[in-house]
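Below is one structure; the comments refer to it alone.
Number of protein chains: 4
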Amino acid sequence: MIVEMEKSASEEEIEAVITRIKREKFVARLEKGEERTVVCVLGSNTGGTDTSIFEVLPGVKKVIRIMSPFKLASRDFRKKDTVVKIGDVEIGGQEVVIIAGPCAVESKEQVLSCAELARDLGFKILRGGAFKPRSSPFQFQGLGERGLEILAEAREKTGLPVVTEVTSPEKVSLVAKYADALQIGARNMQNYELLKAAGCAGKPILLKNGIGAKVEELLTAADYLLNCDHCQVVLCERGINTFRNSETRFTLDVSAVPVVKRLSHLPVIVDPSHAAGKFYYVPALARAGIAAGADGLIIEIHPDPKSALCDGSQALTFSDFKRLMPELRKTAEAIGREMSFGKRR
Amino acid sequence: MIVEMEKSASEEEIEAVITRIKREKFVARLEKGEERTVVCVLGSNTGGTDTSIFEVLPGVKKVIRIMSPFKLASRDFRKKDTVVKIGDVEIGGQEVVIIAGPCAVESKEQVLSCAELARDLGFKILRGGAFKPRSSPFQFQGLGERGLEILAEAREKTGLPVVTEVTSPEKVSLVAKYADALQIGARNMQNYELLKAAGCAGKPILLKNGIGAKVEELLTAADYLLNCDHCQVVLCERGINTFRNSETRFTLDVSAVPVVKRLSHLPVIVDPSHAAGKFYYVPALARAGIAAGADGLIIEIHPDPKSALCDGSQALTFSDFKRLMPELRKTAEAIGREMSFGKRR
Amino acid sequence: MIVEMEKSASEEEIEAVITRIKREKFVARLEKGEERTVVCVLGSNTGGTDTSIFEVLPGVKKVIRIMSPFKLASRDFRKKDTVVKIGDVEIGGQEVVIIAGPCAVESKEQVLSCAELARDLGFKILRGGAFKPRSSPFQFQGLGERGLEILAEAREKTGLPVVTEVTSPEKVSLVAKYADALQIGARNMQNYELLKAAGCAGKPILLKNGIGAKVEELLTAADYLLNCDHCQVVLCERGINTFRNSETRFTLDVSAVPVVKRLSHLPVIVDPSHAAGKFYYVPALARAGIAAGADGLIIEIHPDPKSALCDGSQALTFSDFKRLMPELRKTAEAIGREMSFGKRR
Amino acid sequence: MIVEMEKSASEEEIEAVITRIKREKFVARLEKGEERTVVCVLGSNTGGTDTSIFEVLPGVKKVIRIMSPFKLASRDFRKKDTVVKIGDVEIGGQEVVIIAGPCAVESKEQVLSCAELARDLGFKILRGGAFKPRSSPFQFQGLGERGLEILAEAREKTGLPVVTEVTSPEKVSLVAKYADALQIGARNMQNYELLKAAGCAGKPILLKNGIGAKVEELLTAADYLLNCDHCQVVLCERGINTFRNSETRFTLDVSAVPVVKRLSHLPVIVDPSHAAGKFYYVPALARAGIAAGADGLIIEIHPDPKSALCDGSQALTFSDFKRLMPELRKTAEAIGREMSFGKRR
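Line order of the protein sequences matches chains A, B, C and D. Here my numbering runs 542 ahead of the position in the first sequence, where the first position is 1. Here my numbering runs 542 ahead of the position in the second sequence, where the first position is 1. Here my numbering runs 542 ahead of the position in the third sequence, where the first position is 1. Here my numbering runs 542 ahead of the position in the fourth sequence, where the first position is 1.
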């Protein structure tokens, strides 16, 4: 439930609304925008509560029920697009942002070569997995903290902010020490204990959809993060499990991009690499993601995909990636967005 | 099975291969390209036949088994991209082609106003349904032959070729009398009696994927059409049924575009309107389709969507469509393709 | 819209309601049951019509809007379970009915051996395909009319009624000449021209769900059949396309059985053979179908599956089938149904 | 890779194989059965290792590559069905086991009334959630440790073992203190840090499939648990996300039961309650699960579903449940299994 205040409402009137909400044993969440000030009423039984108990309070303009299961992630709660900052890079603004790097951190050389490529090509954020959630316990599980150190070194050398995955609540503070943004992977989209811990780490979160999750479920999971004070969230569509999967590893649902934009204020990016599963399908999906309106892409690259310890078949080589970048920039411009790296060259 | 001939092979040698194929009770299909000449061996048990009986014949370069269930639609059969002509318009070449028009033909005024829009905006082919396969027998079923006459009149006035759906074998010759291309809808993708009849009508065919069909099943259905002499086929991805459908009517599988391009020589277009189901999601999907490499789009427009007798919620108004066209052209150009209408203006 | 009449309503009053319905350009469908008499109002815009124009007529008890897209197939239209007769065999009554036979009719010997097995084991209806819709045009397509003759001979010898598939409107009368029930296969579930033709053939119809179709779409397709006078329909759940398909060919949705029972008055059977795709998964799915409440099963058997021309991997041998039958009978009895063959032995 | 030893192999020979495996930097897992003794070779690159280095060792009968991604859960590793004990109750043996209880522990009265019902009806294991992973953070999240205490009290009073969900690694030891078996819910099926922690807790684990997970992915997740020494695992099919979901909450894939039985030695049960989502579809799915060969069911019951704090719409009332139990027993008997509670009465 959203209590929208009159523009002229005083601090006391806002405070009185919050007090009334608390008296009903609900949680109040104040959102002051330029356009409007609202107080969101959160709790398990807001639906059973009469709106009139808030409508009668002084300074209240109107009370709106949020019909969707997600509240804080909804457009009802915040009308304006949210822009998330990872390091100095804004996601959700005019510019389309490319995040790239290897699937797994394997060595200092490998990560630094990716970071140097960034300096050349101008992609904006470095990705790389130090803790790798793998389907089988007998697969390579990542370098752990050593991987985080390598990522931090690469940032040092290049100035690129770093996003990396965290896979359990107890590792959140360790990963947050090194990373500029924490990634929650598809398998953990509804790992709520992890969401609660990550949301409070003081870093922006990149939340990927589960392979069996509806867009509405992704947005509701985001509420776990947004429920932490000041938590900033970027959503990521990375493909879903359908009967079409075989030539491609997953089915990229590009319509998730305009759907998220319509239902939510959160920025959304696309992961063409995991969706495709094969490097030769990545460019088409990358371009489609941007054309659909995504705020960015997260792409896997590798100096030598054949020797990759994880998901090598979906990694672009550096030369593939160089060829793709100008296409991405032009696609962004075709829909009135920008990609600054392209201009530099 | 593909029998590839030496470049130097004589007509007699080719003929001898065909005779040998027939002796095995298989069907032979000759494909003479600039690059290579092949004879395709078709039949229910080619897999159980030893390749050596053909390999030993004079003039034979090599024999390749086609591992996919589709044969004539496969890249193994034809290496070069097929370009299909609908009227004067080429699909599958350098240019990205927009097919537009109302879901159903409702009146002469409605269709002519769409055709006039084409003259202004430069889209290339007119669509419109005269025979409408509707989920319920109690919904509007189309104007029938009167609808076909209206489409033909619109072609007369504007020079635009016309594509329209055919829904039963017995109507094929009637529809072919009026239309420049026949559409086989999603519900009839595996209506093989219809495919056989339509394939022999002497008109190019636009074949849409079934909502539960894999890409491989779409390509295998195309074999029914290609099995008719000289039949030309354009494939169309129009969305599939997944658990994600609710905000959107279907899930557009954009990866079907590069997958078709890799596995087949046939052109492929995208239908963003049926996939989206809501007009406000159509532009994002239309752009994504082109960015993924589609050879064209088929889009529903209506002078007054609210009064449409069929699928009004997914039709673009003329002004929405005008706004979208330049974005589509720029997206096509971003990936090195063209859209000529844009240049004219 | 359903106009329910008072029990005391006179013929004239009913007639007056029908006249009024026609005046609105709707179609009226009278359903006289023991419990209640209703007139169903059918047409593309019943939703926009005020119920009061019928409510005020003499003899009218109440007017109910049918909210589902299917009308004649709905429980709102008919409260009581429909029992369909194929030959002398009732489907939808107390007894669970087994339909069995080969996928395709291949020879007289093959079909007669299946029919003799029926005499021994007591299954009730013989199935077999004479016209086979196959994914590829280069696969065995069935014996055609010769196959129908073989089926008719088998009926002659054993007294078993015969169900076989029809694949195009023009073949309906031919197939109806030989068969006791016509099957509409999954690929043709939304081939409306076929549905319209088959519905008028004077034979009961076995309608299978499309592999991408929702239950509601199956029921709406059934309306095309029920819209023909006196057409009797049995539905069949035969599995759907999901991401789970690989070990099994399709995913059997057993919940479709209680869902159909709740939303519709039509009988529903299960096809475990096509769902499983592998003979060793058929028994579990067959039992599950009956346990879920299905009115019958349609199972593929073959005297020698390895030599089958079609779908041999999913056919049960006669000895597998013999072993399964007592389990099926006991499962039927566990839920208070019967299977008479079991008792005979 | 499986190294199968000769029956006559000595302890020293087995030890030598293990040593050799370790020298290759793989992990060895010894499995001594009555029928055969095998050593499983585990590691990320066993596929690249020549089998002959083990084949030449004394006492080795043969070396088999496990082609599936799951190893310890595969039939290749263990031929015999695994029987798991929860308290005194065996799952995976001759008897079909019913686990029942409320979705969430709400009060002592509620849980005790369920436990008393067990004493009357004879179901074998009590379920109830103390830590509830809910889609939205604003829904009831469970009573936490107080809920565990209530469950323990109910066990005390009735002797029923208790299964309850654990949702984060750090809570594992707390939950294990109270519960007889730990449940890993669908959302956490690929929460590998949780799997690793839970697998080492010394309690049997009930692992539910993710709603977007293939059977093969469920089995591969089980490998994380089985990789802990002595960990015992029961799998649970609880429905998947498909385009069919709407009347039912998820689509129960009953074929998962025979598929698991074929590919794995682990017991598998079915959760009809979450699959159905509506109480009136639960009985059909419960019976279908048993008929398909499930080793048990986990069913939600509630003394007063309308007042339930969680998933009330899918809970059976006590009287519904009483009516269902005899049907379940008879279905079990129809396929040659037992359900002892039925006999007692």
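Note that the Cβ used here is the ideal one computed from N, Cα and C, for glycine as well.
Three-state class that DSSP yields for residue i in the structure shown
| i | result |
| --- | --- |
| D795 (chain B) | strand |
| T588 (chain A) | helix |
| G504 (chain A) | Absent from the structure is residue 504 (chain A), since the part of chain A shown begins at 543 and ends at 887. |
| Q683 (chain C) | coil |
| A723 (chain B) | strand |
| M922 (chain B) | Residue 922 (chain B) lies beyond the residue range present for chain B, which begins at 543 and ends at 887; the question has no answer from this structure. |
| M867 (chain A) | helix |
| S806 (chain D) | strand |
| V708 (chain C) | coil |
| K750 (chain C) | strand |
| I841 (chain A) | strand |
| E546 (chain A) | strand |
| I888 (chain C) | Because chain C in this structure spans residues 543 to 887, residue 888 (chain C) falls outside the shown range and cannot be described. |
| L716 (chain D) | helix |
| L702 (chain C) | coil |
| L858 (chain D) | strand |
| R886 (chain D) | With a pLDDT of 42 at R886 (chain D), under the threshold of 50, the modelled position of this residue cannot be trusted, and the question is left open. |
| E880 (chain B) | strand |
| K564 (chain C) | helix |
Nearest-angstrom Cα separation, counted from residue j out to residue i
| i | j | result |
| --- | --- | --- |
| A629 (chain A) | P703 (chain A) | What sits at residue 629 (chain A) in the sequence shown is Gly, not Ala. Computed Cα separation, rounded: 5 Å. |
| G686 (chain C) | G744 (chain C) | 21 Å |
| K864 (chain A) | L663 (chain A) | 7 Å |
| A837 (chain C) | I877 (chain C) | Correcting the residue identity first, residue 837 (chain C) is Asp in this sequence and not Ala. Straight-line Cα distance between these residues: approximately 12 Å. |
| V776 (chain D) | I747 (chain D) | 6 Å |
| Q856 (chain B) | V638 (chain A) | 28 Å |
| H816 (chain B) | R780 (chain B) | 6 Å |
| G752 (chain A) | I641 (chain A) | 20 Å |
| F596 (chain C) | V602 (chain C) | 7 Å |
| M867 (chain A) | L614 (chain B) | 35 Å |
| G807 (chain A) | K622 (chain A) | At residue 807 (chain A) the sequence reads His, which differs from the Gly that was named. So the two alpha carbons sit approximately 6 Å from each other. |
| E576 (chain C) | R620 (chain C) | 11 Å |
| L654 (chain D) | G819 (chain D) | 24 Å |
| R617 (chain B) | Y766 (chain B) | 16 Å |
| S550 (chain D) | C852 (chain A) | 41 Å |
| E735 (chain D) | G585 (chain C) | 58 Å |
| L839 (chain D) | V796 (chain D) | 12 Å |
Whole-angstrom C-beta distance between residue j and residue i, which should lie under 8 Å
| i | j | result |
| --- | --- | --- |
| I896 (chain B) | A798 (chain A) | Since the displayed chain B opens at 543 and closes at 887, residue 896 (chain B) lies outside it and no answer follows. |
| S726 (chain B) | K750 (chain B) | Checking the displayed sequence, the identity of residue 726 (chain B) turns out to be Ile instead of Ser. Indeed, because the Cβ distance is near 7 Å, the residues count as touching under 8 Å. |
Note down, in chain order, all residues in the segment 825–836 of chain C with a beta-carbon under 9 Å from any beta-carbon belonging to chain D. For the segment 825–836 of chain C, which is checked against every Cβ of chain D, the residues closer than 9 Å are P825, A826, L827, A828, R829, A830, G831, I832, A833, A834 and G835.
Compile a chain-ordered list of the residues in the segment 603–615 of chain D whose CB is closer than 8 Å to at least one CB of chain A. Of all residues in the segment 603–615 of chain D, P611, F612 and K613 have a Cβ within less than 8 Å of some Cβ in chain A.
Could you tell me which whole alpha helix (DSSP H) segments of length 4 or greater appear in the segment 570–651 of chain B? DSSP assignment within the segment 570–651 of chain B yields the following whole alpha helix (DSSP H) runs of 4 residues or more, N-terminal first: 594–597.
So if I threshold CB-CB distances at 8 Å, which residues from the segment 779–797 of chain D count as touching chain B? Cβ contacts with chain B come from N783, T784, F785 and N787.
Return the chain-ordered ranges of every alpha helix (DSSP H) run that is complete within the segment 754–793 of chain D and spans a minimum of 4 residues. For secondary structure counted as the alpha helix (DSSP H) over 4 or more consecutive residues, the segment 754–793 of chain D holds these complete runs in sequence order: 757–768.
Check each residue of the segment 742–762 of chain A: if its Cβ is closer than 8 Å to any Cβ of chain D, include it; give the result in chain order. Answer set for the segment 742–762 of chain A: G752, I753, G754, A755, K756, E759 and T762.
Cβ-based contacts, 9 Å cut-off: residues of the segment 571–584 of chain C near chain B: Residues L584.
Short of 7 Å Cβ to Cβ, which residues in the segment 679–704 of chain A face chain D? Going along the segment 679–704 of chain A in chain order, one finds P679, F680, Q681 and F682 with a Cβ nearer than 7 Å to chain D.
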